[in-house]
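K.L.:
There are 2 protein chains.
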Amino acid sequence: MVIGILGAGQLARMLALAGKPLGLKFIFLDPTPIACAADVGKHLIGDYTDKALLTQLADEADVITYEFENVPVDIIDFLNQQTPVYPPAKALLIGQDRITEKTFLQGLGLATAPFSDASSLAELQASMPEIGYPAILKTRRLGYDGKGQVVLRSAADLADAWEAIKNAPAVVEGFVPFDREISIIASRSVSGEVAYYPVSENNHEKGILRLAQSTQDDPMQAQAERYIHTIMTALDYVGTIALELFVVGETLIANEFAPRVHNSGHWTIEGSETSQFENHLRAVMDMPLGSTDSLGYAAMQNFIGNVPATEKLLSLSQVHLHLYDKAARKGRKLAHATIRTDSLEHYTDLISSLTELAKHSDDS
Amino acid sequence: MVIGILGAGQLARMLALAGKPLGLKFIFLDPTPIACAADVGKHLIGDYTDKALLTQLADEADVITYEFENVPVDIIDFLNQQTPVYPPAKALLIGQDRITEKTFLQGLGLATAPFSDASSLAELQASMPEIGYPAILKTRRLGYDGKGQVVLRSAADLADAWEAIKNAPAVVEGFVPFDREISIIASRSVSGEVAYYPVSENNHEKGILRLAQSTQDDPMQAQAERYIHTIMTALDYVGTIALELFVVGETLIANEFAPRVHNSGHWTIEGSETSQFENHLRAVMDMPLGSTDSLGYAAMQNFIGNVPATEKLLSLSQVHLHLYDKAARKGRKLAHATIRTDSLEHYTDLISSLTELAKHSDDS
Numbered sequence: 238m239v240i241g242i243l244g245a246g247q248l249a250r251m252l253a254l255a256g257k258p259l260g261l262k263f264i265f266l267d268p269t270p271i272a273c274a275a276d277v278g279k280h281l282i283g284d285y286t287d288k289a290l291l292t293q294l295a296d297e298a299d300v301i302t303y304e305f306e307n308v309p310v311d312i313i314d315f316l317n318q319q320t321p322v323y324p325p326a327k328a329l330l331i332g333q334d335r336i337t338e339k340t341f342l343q344g345l346g347l348a349t350a351p352f353s354d355a356s357s358l359a360e361l362q363a364s365m366p367e368i369g370y371p372a373i374l375k376t377r378r379l380g381y382d383g384k385g386q387v388v389l390r391s392a393a394d395l396a397d398a399w400e401a402i403k404n405a406p407a408v409v410e411g412f413v414p415f416d417r418e419i420s421i422i423a424s425r426s427v428s429g430e431v432a433y434y435p436v437s438e439n440n441h442e443k444g445i446l447r448l449a450q451s452t453q454d455d456p457m458q459a460q461a462e463r464y465i466h467t468i469m470t471a472l473d474y475v476g477t478i479a480l481e482l483f484v485v486g487e488t489l490i491a492n493e494f495a496p497r498v499h500n501s502g503h504w505t506i507e508g509s510e511t512s513q514f515e516n517h518l519r520a521v522m523d524m525p526l527g528s529t530d531s532l533g534y535a536a537m538q539n540f541i542g543n544v545p546a547t548e549k550l551l552s553l554s555q556v557h558l559h560l561y562d563k564a565a566r567k568g569r570k571l572a573h574a575t576i577r578t579d580s581l582e583h584y585t586d587l588i589s590s591l592t593e594l595a596k597h598s599d600d601s
Numbered sequence: 238m239v240i241g242i243l244g245a246g247q248l249a250r251m252l253a254l255a256g257k258p259l260g261l262k263f264i265f266l267d268p269t270p271i272a273c274a275a276d277v278g279k280h281l282i283g284d285y286t287d288k289a290l291l292t293q294l295a296d297e298a299d300v301i302t303y304e305f306e307n308v309p310v311d312i313i314d315f316l317n318q319q320t321p322v323y324p325p326a327k328a329l330l331i332g333q334d335r336i337t338e339k340t341f342l343q344g345l346g347l348a349t350a351p352f353s354d355a356s357s358l359a360e361l362q363a364s365m366p367e368i369g370y371p372a373i374l375k376t377r378r379l380g381y382d383g384k385g386q387v388v389l390r391s392a393a394d395l396a397d398a399w400e401a402i403k404n405a406p407a408v409v410e411g412f413v414p415f416d417r418e419i420s421i422i423a424s425r426s427v428s429g430e431v432a433y434y435p436v437s438e439n440n441h442e443k444g445i446l447r448l449a450q451s452t453q454d455d456p457m458q459a460q461a462e463r464y465i466h467t468i469m470t471a472l473d474y475v476g477t478i479a480l481e482l483f484v485v486g487e488t489l490i491a492n493e494f495a496p497r498v499h500n501s502g503h504w505t506i507e508g509s510e511t512s513q514f515e516n517h518l519r520a521v522m523d524m525p526l527g528s529t530d531s532l533g534y535a536a537m538q539n540f541i542g543n544v545p546a547t548e549k550l551l552s553l554s555q556v557h558l559h560l561y562d563k564a565a566r567k568g569r570k571l572a573h574a575t576i577r578t579d580s581l582e583h584y585t586d587l588i589s590s591l592t593e594l595a596k597h598s599d600d601s
């Protein structure tokens, strides 16, 4: 069976590495001539709008998926005429626009941060009394890893912020005074079988995920599962999905969902019986999902811009290295390391060691 | 870093899949045009004696290894002039001839089955009074998976047996009345760091491994580690090595070693903190070795000739499938499945399910 993937970055690479043992072959479409998944499948180099390449992808693949949420929906519709594409276009359509997404989430009865449309500086200024400070101005579309976001601390920030996002249609969101940032990852198959991972507790810096820790019996697990179940059902979702959440006291505030495998679930490769990548593949092939049970304490540390020396990382017992085979560049996600251990003490020590190593190599 | 591998079968494939997350690239030399590792690296198609291809392999690789023990030693010597090859040629030289191997093992003080050179039918007949029945006549060289072996039950079998192995130089071995067949796998790095896996308890049928089960606190573990440590030291070994052993009461009888990753260690992919494949790569790159701690109960079931339906295998919770992407052929190893679980009861149930499934698909 051949899986087609739009995008050939590290998520596509890790999908392919999870799929090879299942006997799957992979074909990627990605405009970047040197793409890190190219080493584990066939790489069609060209634009995502190239009809000839899209047709070739649909011809050669039995099922198609994607590794990023900014895929134009008309491309999905085009591919779908020939070959099934999962997750469904509806998930993209809603997820690609922050206002549509927040409206969708509220429509499902899920709590979100207060937000308001900001199509002009005047509109932004007018909505601030209700939203309050601090707040975050975000472009409605195409934001990721903190890109296209500006923090607003007072009215004096508004004009510069509006300038900074280059007059793009935007949304202003009230800042959520969260106790913790968590995410829940789940998979849903074509037949509707669902599997949930334990929630991940996440630390971001400068808008980029740094550390994601698996949890055990997290008090918010059941509520998080209800949230993501509601979303998956509404979207008639197929594949792995991630929902980022803020914990405020005993309440969960839905931030955003990603219709794909997610950085905060990378610890599932070693930390779970079945990884988020394998379960995404099983889901889109309509195969039974694998167990999401944890194998002890697990965490993932991202390496941004630089990676510590391999020898140093491998000398840490129960640390697993994942290099993405990407050229180093400031602010770029180049690798991650996973901790997996049954000892809470060793776990805590390893987190300290890895965050320390990451700090020294980080140039984001 | 680029790893060169002689052979592009399933062992090379699993080495490459273990190495990609470490950022490694792979190049294989294998005469088979359709080789199952070709999907995860560059495949040089040609004979192992092709000097131009060997030179290309040595040019492109930073270190070279192999997936089968019948590599002619002069090829290793040729490659070694340019690029380091591990495990060392000495391991091949000794392991390729059953008499040299048994003599080597006895020279290290390790117990072996009684054996005698059988270079002719007359010599075979002459040695039987001392060896006794039952016994096994084996070609000295190029045997694997029970090929080149004939059981001798009485003097009446000798002439036919000699005919069956086609007059090849042979060894006759006394049958060991073993309680269990086990193997120990270990890795040793260029710097001499050593890691041992828990011994695996193995079931063979018709000379082919069927089921390998990890053990916990096996009473023979310490003795098995001493045996393999002695062998690795004598060979100045680098890489992963497997030693097959017979357990007779409280004694270990050394059967044979394989200077490579081994079928009886496939359960280490999910069942160990670090797999035999990753530790082989770490060893030949002179990187720190990874933990060989077990993650619960683990076992591996081979699928020979046919593979049960993927959906059936994936519906078993805590079973992991490894398809080798090889065309089905009678008696051919096509795939394996690993069980990994913390529940002894579930483990026992899964072993029954898998052996039952394997039995129905097996055509060896």
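These protein sequence lines map, in sequence, to chains A and B. When you read off a place in the first sequence, starting at 1, and then add 237, the result is the number in my numbering. When you read off a place in the second sequence, starting at 1, and then add 237, the result is the number in my numbering. By construction, the Cβ of each residue, glycine as well, lies at the ideal position given by its N, Cα and C atoms. Please read all numbers here as calculations on a predicted model, not as lab measurements.
Give the DSSP-derived three-state secondary structure of A/ARG323 in the structure shown.
P.N.:
One point to set straight first is that residue 323 of chain A is Tyr, not Arg, in the sequence displayed. A/TYR323 falls in the coil class under three-state DSSP.
K.L.:
Please classify A/ARG378: does DSSP put it in a helix, a strand, or coil?
P.N.:
A/ARG378: coil per DSSP, three-state reduction.
K.L.:
So which residues of chain A does B/HIS503 contact, with C-beta pairs closer than 8 Å?
P.N.:
The contact set of B/HIS503 on chain A, defined by CB atoms closer than 8 Å, is empty, because the minimum CB distance reaches about 11 Å.
K.L.:
Which residues share a DSSP beta bridge with B/ASP267?
P.N.:
B/ILE282
K.L.:
Hey, could you find the ends of the alpha helix (DSSP H) B/VAL521 is sitting in?
P.N.:
513 to 521
K.L.:
Where A/THR547 and A/ALA565 are concerned, what is the direct C-alpha to C-alpha distance, given to the nearest angstrom?
P.N.:
14 Å
K.L.:
When the Cα of A/SER424 is compared with those of A/GLU306, A/ASN543, A/ALA520, which residue comes out closest?
P.N.:
A/ALA520
K.L.:
Comparing the C-beta of A/VAL277 with each C-beta of chain B, is any distance below 9 Å?
P.N.:
yes
K.L.:
So if I threshold CB-CB distances at 9 Å, which residues from the region 264 to 276 of chain A count as touching chain B?
P.N.:
Those residues of the region 264 to 276 of chain A placed with their C-beta closer than 9 Å to a C-beta in chain B are ASP276, ordered along the chain.
K.L.:
Give a yes or no on whether 9 Å exceeds the smallest Cβ distance from A/GLY533 to chain B.
P.N.:
yes
K.L.:
Tell me which residues share the same chain as A/ALA396 and place their Cβ nearer than 7 Å to its Cβ, disregarding the 5 neighbours each side in the sequence.
P.N.:
LEU358
K.L.:
Tell me the rounded alpha-carbon separation between A/ASP299 and B/TYR285.
P.N.:
36 Å
K.L.:
In the region 543 to 559 of chain A, which residues sit with their C-beta less than 8 Å from some C-beta in chain B, listed in chain order?
P.N.:
THR547, GLU548, LEU551, SER552, SER554, GLN555, HIS557, LEU558, HIS559
K.L.:
Give a yes or no on whether 9 Å exceeds the smallest Cβ distance from B/ILE321 to chain A.
P.N.:
Per the sequence shown, the amino acid found at residue 321 of chain B is Pro instead of Ile. Chain A, which has no Cβ nearer than 9 Å to the Cβ of B/PRO321, makes this no.
K.L.:
According to DSSP, simplified to helix, strand and coil, what is A/GLU442?
P.N.:
When secondary structure is reduced to three states using DSSP, A/GLU442 falls in the strand class.
K.L.:
Any Cβ of chain A within less than 9 Å of the Cβ of B/MET537?
P.N.:
Answer no: the Cβ-Cβ gap between B/MET537 and chain A never drops below 9 Å.
K.L.:
Can you give me, in chain order, the residues of the region 422 to 436 of chain B that have a beta carbon less than 8 Å from any beta carbon in chain A?
P.N.:
Within the region 422 to 436 of chain B, no residue has its Cβ closer than 8 Å to any Cβ of chain A.
K.L.:
Quick one: is A/ARG378 near chain B, going by C-beta distance under 9 Å?
P.N.:
no
K.L.:
Please report how far the alpha carbon of A/SER589 lies from the alpha carbon of B/GLN318, in whole angstroms.
P.N.:
Near 44 Å, if we compare the C-alpha coordinates of B/GLN318 and A/SER589.
K.L.:
Quick one: give me the first and last residue of the alpha helix (DSSP H) that A/LYS339 is part of.
P.N.:
335 to 344
K.L.:
For B/GLY241, list the residues DSSP reports as bridge partners.
P.N.:
B/ILE264, B/ILE301
K.L.:
Pull up the DSSP beta-bridge partners for A/ALA407, would you.
P.N.:
A/ALA355, A/THR376
K.L.:
Residues in the region 505 to 522 of chain A with C-beta within 7 Å of chain B's C-beta atoms, listed in sequence order?
P.N.:
For the region 505 to 522 of chain A, which is checked against every Cβ of chain B, the residues closer than 7 Å are GLU510, ARG519.
K.L.:
Please report how far the alpha carbon of B/GLU306 lies from the alpha carbon of B/LEU361, in whole angstroms.
P.N.:
26 Å
K.L.:
Would A/ASP299 count as contacting chain B if we go by Cβ distances under 9 Å?
P.N.:
A/ASP299 does not count as touching chain B.
K.L.:
Cα separation between B/LEU509 and A/VAL409?
P.N.:
Note on identity: in this sequence residue 509 of chain B is Ser, with Leu being the wrong assignment. Straight-line Cα distance between these residues: approximately 48 Å.
K.L.:
Check each candidate in A/TRP504, A/ASP334, A/ALA272 and name the one with the smallest Cα separation from A/TYR434.
P.N.:
A/TRP504
K.L.:
Under the three-state reduction of DSSP, which class applies to B/HIS499: helix, strand or coil?
P.N.:
coil
K.L.:
Taking just the CA atoms, how far does A/GLY260 sit from A/ALA253?
P.N.:
10 Å
K.L.:
Apart from the five residues on each side of it in sequence, which residues of its chain come closer than 8 Å, Cβ to Cβ, to B/ILE312?
P.N.:
LEU243, TYR285, THR286, LEU291
K.L.:
Taking DSSP as the reference, what is the three-state secondary structure of A/VAL484?
P.N.:
strand
K.L.:
What are the residues in the region 251 to 263 of chain B lying within 8 Å of chain A by C-beta distance?
P.N.:
LEU254, LYS257, PRO258, LEU259, GLY260, LYS262
K.L.:
Less than 8 Å between C-beta atoms, sequence neighbours within five positions excluded: which residues of the same chain meet that for A/GLY332?
P.N.:
Within the same chain, Cβ atoms closer than 8 Å to the Cβ of A/GLY332 are found at GLU306, GLU338, GLU493, PHE494, ALA495, PRO496, the five residues on either side in sequence being excluded.
K.L.:
Do the region 478 to 488 of chain A and the region 453 to 470 of chain A touch if we need at least three Cβ pairs shorter than 8 Å?
P.N.:
Contact between the region 478 to 488 of chain A and the region 453 to 470 of chain A is present, because at least three Cβ pairs lie under 8 Å.
K.L.:
For A/VAL498 versus A/GLU304, is the C-beta distance shorter than 9 Å?
P.N.:
yes
K.L.:
By the criterion of Cβ-Cβ separation under 9 Å, what are the contact partners of B/GLY527 in chain A?
P.N.:
Within 9 Å Cβ-Cβ: LEU551, SER554, GLN555, VAL556, HIS557.
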